[in-house]
Amino acid sequence: MVGNAPELVIVSHRNPDGDAIGSSLGLSSFLKKKFHKVTVIYPSEYPRIFEYLDGIYEVLIYDLKPVEVKKAIENAEGIFCLDFNGLDRVDKMGEFIQFSNAKKFLIDHHLDPEPFTDYEFIDTNASSTSELVYLWIKALNQQDKMDVKIGEALFTGIITDTGSFKYNTRPETFVVASELKQLGVNDYHLQDLIFNCLLSKHLRLLGHCLANRMEILEESGIGIIYLSRKDYIDFDIQRGDTEGIVNHMLYVKNIQIAAFVTEQPTIIKLSLRSKGDISVQEVATKYFNGGGHKNAAGGGVYASLQDVLNKLKKVLPLYIHKSTH
Ligand code: 5GP
Ligand code: MN
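Residues in the sequence shown are numbered from 1300 upward in steps of one, following the working numbering.
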């Protein structure tokens, strides 16, 4: 304990994205101002582009320091779970959280939450968990503890989960963004840091995907890109290098569902995107052991790449028809 304040742990999901990282670091900076000792933990490493965020170097990574992570969770009196809603999203740490006696608190915006926490601040209409962290701080009447560093972290999560305010927005999203900007957040600079950071190999990989690995089924309104294990070697693809590729298919007129499929060492991973009322969350949950949001979901299966591609071509058209009737 630091003074009377309990030790806290903040956990977010495997392969943390801008929202997982922004919401957890923003909340951590806020709670530290309330004199808590706070440890932020992710199951796997974070993309280097987010290194500009305050506190990121103190984050514990389970894959790198499993013993320390286990101890931190065991010692915690409170555990905040951010930007995920099922314990399978945090790998082995799920067990530690499940069997911990700490009070558990979920802040999240994904569909279909599992009941594993004592308290919840959930809104599936929120743009991002970062938006919810800000609204929670506001609900506690603690805005005076906000500062520009917390603002940058939360703004980062909002930018990344809305694709720069293109989707998942609601009126509150813009109110929160406005209030964060009023705090002094430089959104132009954040957009530059987040999006203008590719290496030439990323553009070459994108070119390869679009030229050689993309199938557009015009009549069905479906686009699919896949990458084989050999592509991973040929293009030296590392974690995070394929981020955003799936979205390019939605630039094609009338494409309503986009699937990006990758052959990993043991499983096939999928990223799904959709427009409007089509729920790829349902597709991911029903067929690919996954979940997510209505218009952005993902999953993973033990199968061959070809089997997954065949299954997608069979299953996805059903969802296109569903939306037009
Ligand atoms: P992405 O396609 O960017 O990896 O993920 C899009 C959304 O789908 C995210 O909100 C993420 O939480 C969810 N998602 C991705 N992969 C999985 C998965 O394997 N399981 C579940 N439950 N959700 C996933
Ligand atoms: Mn999120």
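Glycine is no exception: its CB is placed at the ideal position from the N, C-alpha and C atoms.
Do the stretch 1599 to 1611 and the stretch 1573 to 1581 make contact, defined as three or more Cβ pairs closer than 8 Å? Segments in contact, no.
Please check the pair Arg1512 and Ile1493, which I expect to be a contact at CB under 8 Å, by giving their CB distance rounded to whole angstroms. Along the sequence shown, read from residue 1 onward, the residue named residue 1512 stands at position 213. Along the sequence shown, read from residue 1 onward, the residue named residue 1493 stands at position 194. Between Ile1493 and Arg1512 the Cβ distance is about 25 Å, and since that is not below 8 Å, they are no contact.
Inspect the beta-carbon positions of Ile1556 and Ile1577 and report whether they are closer than 8 Å. Position 257 of the sequence shown, counted from the start, is the residue given in the question as residue 1556. Position 278 of the sequence shown, counted from the start, is the residue given in the question as residue 1577. Contact: yes.
Per DSSP, what kind of secondary structure is Leu1307 in: helix, strand or coil? Position 8 of the sequence shown, counted from the first residue, corresponds to residue 1307. Leu1307 falls in the strand class under three-state DSSP.
Gly1597 Cβ short of 7 Å to the ligand 5GP heavy atom set: Within the sequence shown, numbered from 1, the residue matching residue 1597 stands at position 298. Under cutoff, so the answer is yes.
Can you tell me whether Ser1527 is buried or exposed, with buried defined as 16 or more other CB within 10 angstroms of its CB? Translated into positions along the sequence shown, residue 1527 becomes position 228. Answer is exposed; the Cβ neighbour count stays below 16.
What does the alpha-carbon distance come out to for the pair Asp1390 and Tyr1601? Residue numbering aside, residue 1390 sits at position 91 when the sequence shown is read from its first letter. Residue numbering aside, residue 1601 sits at position 302 when the sequence shown is read from its first letter. Using only the alpha carbons, I get a separation of about 17 Å.
Out of curiosity, what's the CA-to-CA distance linking Lys1333 and His1409? Mapped onto the sequence shown, residue 1333 falls at position 34. Mapped onto the sequence shown, residue 1409 falls at position 110. Computed Cα separation, rounded: 28 Å.
Are at least three pairs of beta-carbons, each pair with one atom in the stretch 1501 to 1518 and one in the stretch 1530 to 1544, less than 8 Å apart? With the cut-off at 8 Å, the stretch 1501 to 1518 and the stretch 1530 to 1544 touch.
Does the beta-carbon distance from Tyr1361 to Ile1378 come in below 8 Å? The count along the sequence shown starts at 1 and reaches residue 1361 at position 62. The count along the sequence shown starts at 1 and reaches residue 1378 at position 79. Going by C-beta atoms, Tyr1361 is not nearer than 8 Å to Ile1378.
Taking Cβ positions, are Asp1535 and Lys1500 nearer each other than 8 Å? Locating residue 1535 in the sequence shown gives position 236, counting from the first residue. Locating residue 1500 in the sequence shown gives position 201, counting from the first residue. The criterion of a C-beta distance shorter than 8 Å is satisfied by Asp1535 and Lys1500.
What residue range is occupied by the uninterrupted beta strand (DSSP E) comprising Met1513? As a first step, residue 1513 must be located in the sequence shown, where it is residue number 214. Per DSSP, Met1513 belongs to the beta strand (DSSP E) from Met1513 to Leu1516.
Cβ separation of Ser1322 and Leu1497, assumed to be a contact under 8 Å, to the nearest whole Å: Numbered from 1 along the sequence shown, position 23 holds the residue referred to as residue 1322. Numbered from 1 along the sequence shown, position 198 holds the residue referred to as residue 1497. Not quite, the Cβ-Cβ distance comes to about 24 Å (not below 8 Å), so this is no contact.
Could you tell me which uninterrupted alpha helix (DSSP H) segments, each at least 4 residues in length, are contained entirely in the stretch 1436 to 1494, listed from first to last along the chain? For the stretch 1436 to 1494, whole alpha helix (DSSP H) runs of length 4 or above, ordered along the chain, are 1447 to 1460, 1470 to 1481 and 1486 to 1494.
Would you kindly work out how many angstroms separate the C-alpha atoms of Asn1588 and Asn1384, rounded to a whole number? Translated into positions along the sequence shown, residue 1588 becomes position 289. Translated into positions along the sequence shown, residue 1384 becomes position 85. Cα-Cα distance, rounded: 14 Å.
Starting from the N-terminal end, write out each residue whose C-beta falls within a distance shorter than 7 Å of any non-hydrogen atom of the ligand MN. Per the Cβ criterion, the list is Asp1316, Asp1318, Ala1319, Asp1382, His1408, Ser1427, Thr1428, Gly1456 and Asp1460.
Secondary structure of Leu1381, DSSP reduced to three states: Numbered from its first residue, the sequence shown carries residue 1381 at position 82. In the structure shown, Leu1381 sits in a strand (DSSP, three-state: E or B).
How is Glu1413 classed by DSSP in three states: helix, strand or coil? By 1-based counting over the sequence shown, the position of residue 1413 is 114. DSSP places Glu1413 in the coil class of the three-state scheme, outside both helix and strand.
Does Lys1336 come out as helix, strand or coil in the three-state DSSP assignment? Indexing the sequence shown from 1 puts residue 1336 at position 37. Assignment of Lys1336 by DSSP, reduced to helix, strand and coil, places it in the coil class.
What residues match up with Ser1570 in a beta bridge as DSSP calls it? Translated into positions along the sequence shown, residue 1570 becomes position 271. Ser1570 is bridged to Phe1559 and Gly1597.
Closer than 7 Å by C-beta to Arg1313: which residues in its own chain qualify, once you throw out the five before and the five after it? Chain order, please. Along the sequence shown, read from residue 1 onward, the residue named residue 1313 stands at position 14. Pro1342, Ser1343, Arg1388, Val1389 and Asp1390, listed in sequence order.
Mark Thr1541 as exposed unless 16 or more other C-beta atoms lie within 10 angstroms of its C-beta, in which case mark it buried. On the sequence shown, residue 1541 is found 242 positions in, with the first residue counted as 1. The residue in question, Thr1541, is buried, as its Cβ has 16 or more Cβ neighbours within 10 Å.
Mapping DSSP to helix, strand and coil, what is Phe1349? Your numbering for residue 1349 matches position 50 in the sequence shown. Here Phe1349 carries a helix assignment [DSSP, helix/strand/coil].
Among Lys1612, Glu1376, Gly1575 and Leu1489, which has the Cα closest to the Cα of Tyr1586? For the purposes of this step, residue 1586 is taken as residue 287 along the sequence shown, with counting starting at 1. Of the candidates Lys1612, Glu1376, Gly1575 and Leu1489, the residue whose Cα lies closest to the Cα of Tyr1586 is Lys1612.
Less than 8 Å separating the beta-carbons of Pro1346 and Gly1539? The residue given as residue 1346 occupies position 47 in the sequence shown. The residue given as residue 1539 occupies position 240 in the sequence shown. Yes.
On the three-state DSSP scale, how would you describe Phe1587? In the sequence shown, residue 1587 corresponds to position 288, counting from 1. Coil, per DSSP.
Start-to-end residues for the alpha helix (DSSP H) that takes in Phe1534: By 1-based counting over the sequence shown, the position of residue 1534 is 235. Run containing Phe1534: none; DSSP gives neither H nor E here.
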